Amino acid sequence: MANVYSQMKTKLKKGDLVKVLVGKDKGKTGKIISFVPKKNRVIVEGIKIIKKHEKATQTSKGGIIEKEAPIDISNVMLVCPHCNKPTRVASKILDDGTKVRVCKKCNETI
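Sequence positions in the sequence shown follow the working numbering and run 1 to 110.
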């Protein structure tokens, strides 16, 4: 049986400002750097920092490096640029036929 969540559609995009809802970084905000769509995860700038032991190669020096780890999409919420509050996102079709994202709290386009 296929994973139900593997095909989950998200209304978040790369570069969006999000707030973390759970975990040790709860309450922090950051921008989305990238997506891991098959696992429904996002990598957020400055959130869930882990230490990774990396072996030295010809191009990079080895050692312990710090980097961001993926966090589940359900654990972050979009921050509206107009009202600066975490909000759910609705979609709306404008008169010219374009589909835009809308803040559920202030009804402004995102």
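Built from N, CA and C at the ideal position, the CB exists for glycine as well.
Nothing here was measured: the structure is a model prediction, and the numbers come from that model.
Beta-carbon proximity list for residue i, same chain, < 8 Å, skipping 5 on both sides
i: I73; result: M8, T10, L12, N40, R41, V42
i: K104; result: T87, R88, V89, A90
Closest Cα partner of residue i within the set the options
i: G62; options: E68, I71, K52; result: K52
i: A56; options: I50, I65, P81; result: I65
i: G23; options: V36, Q58, I49; result: I49
i: V102; options: D96, V18, I110; result: I110
i: I33; options: K92, K99, V79, L17; result: L17
i: F35; options: A69, K19, N84, G27; result: A69
Terminal residues of the beta strand (DSSP E) in which residue i lies
i: R101; result: 99–103
i: K92; result: 89–93
i: S74; result: Run containing S74: none; DSSP gives neither H nor E here.
i: T29; result: 29–36
Residue burial classification, residue i (beta-carbon count within 10 angstroms, cutoff 16)
i: G30; result: buried
i: M1; result: Note that M1 scores a pLDDT of 43, beneath 50, so its modelled location is shaky; the value from the coordinates is reported in the next line. Exposed, because fewer than 16 other Cβ atoms sit within 10 Å of the Cβ of M1.
i: C80; result: buried
i: K67; result: exposed
Residues near residue i by beta carbon distance below 6 Å, same chain, minus five either side
i: N75; result: L21, V22
i: C83; result: K105, C106
i: K14; result: I32
i: E108; result: H82
i: E54; result: G62, I65
Own chain, CB closer than 7 Å to residue i, minus 5 neighbours either side, in chain order
i: D25; result: I47, K48
i: K118; result: Residue 118 lies beyond the stretch modelled for the chain, which goes from 1 to 110, so this question has no answer here.
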